[in-house]
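One structure is given below, encoded as structure tokens.
Residue numbers (mature numbering (1 follows the signal peptide of the UniProt record, and there is no 0)): -29 to -1, 1 to 237.
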């Protein structure tokens, strides 16, 4: 009888462990972001929506651009649709932190500082920090040292601000939380230059009918990746797989050629 009691207690112990293990698996599944994305059927993508040619409103009022199409195609590789969430840059990573969005696809440069807080996909574009000036002032900036004593506009909280503060002294740094105001201040002479992504600079010069110009060579190499909250390795792995498939079938290069006239993905 005592043996039977011991056996029963042992069985109950095994069942208890199994129940805890099962609950743990269910909790993991519920918290797994990739599972949530697939169950929801949408990938919540944070982007600016005012950053041509990456994301902006077309003539029909709908969002378009390189990163808009990239996000849509990437979501297809995950088996879902992209739900685009236009957000100002200075609040975008906070939206990622608070789980209002799943990922950020907005030319987020992969840096050691950012990798301490976020995980990144493999790079999907390669560019550099470019100085942009009014047409006719191209010779005013030949390198980083040329920025000293000048009023230079940068996006608030961007890697351009970070790079400028870390690498050049004696600059009058003007920060902006939106791109249109920054570009307008450059056109009317309130600032001497702005630092932007080289790809965006080339596109902007083309669209502004020779009112702006790039000055000098890019200051540094930048690789942009999809930013994801830490602890979501399954989602990062799925995104990397999607990017690899787009590279292999040529769709990523084709997208780049469409928007930049060159392959800027490697």
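Even glycine gets a Cβ: it sits at the ideal position worked out from N, Cα and C.
| Asked | Found |
| --- | --- |
| How many angstroms separate the CA atom of residue 78 from the CA atom of residue 196? | 7 angstroms |
| Three or more C-beta pairs closer than 8 angstroms, one from the stretch 200 to 216 and one from the stretch 42 to 52: is that the case here? | yes |
| Please confirm whether residue 175 and residue 124 have their CB atoms less than 8 angstroms apart. | no |
| When DSSP builds the beta bridges, which residues end up paired with residue 28? | 34 |
| Contact check, residue 61 vs residue 127 under 8 angstroms by CB: the rounded distance? | 5 angstroms |
| Quick check on the burial criterion: 16 or more other C-beta atoms within 10 angstroms. Buried or exposed for residue 208? | exposed |
| What three-state label does DSSP hand residue 151 in the structure shown? | helix |
| Would residue 17 and residue 27 be called neighbours here (beta carbons separated by less than 8 angstroms)? | no |
| Please state the DSSP three-state secondary structure of residue 40. | helix |
| With a threshold of 16 other CB atoms inside 10 Å of the CB of residue 237, please say whether the residue is buried or exposed. | exposed |
| At what residues does the alpha helix (DSSP H) containing residue 105 begin and finish? | Element bounds for residue 105: not the alpha helix (DSSP H) but the beta strand (DSSP E), 96 to 105. |
| For residue 104 versus residue 150, is the C-beta distance shorter than 8 angstroms? | no |
| Hey, could you find the ends of the beta strand (DSSP E) residue 192 is sitting in? | 192 to 195 |
| Quick one: residues in its chain with C-beta nearer than 6 angstroms to the C-beta of residue 230, no 5 flanking neighbours on either side, listed in chain order? | 24, 37 |
| For residue 49, which three-state DSSP category applies? | coil |
| Kindly list the residues whose CB is nearer than 8 angstroms to the CB of residue 12, restricted to its own chain and excluding five residues on each side of it in sequence; keep chain order. | 51, 52 |
| Quick one: residues in its chain with C-beta nearer than 6 angstroms to the C-beta of residue 194, no 5 flanking neighbours on either side, listed in chain order? | 81, 94, 97 |
| Does residue 90 come out as helix, strand or coil in the three-state DSSP assignment? | strand |
| Run the CB neighbour count on residue 160, radius 10 Å, all protein chains shown included, and call it buried at 16 or more, exposed below. | exposed |
| If you check the beta carbons only, do residue 74 and residue 199 fall under 8 angstroms apart? | yes |
| Can you grab the Cα-Cα spacing for the pair residue 10 / residue 3, in whole Å? | 11 angstroms |
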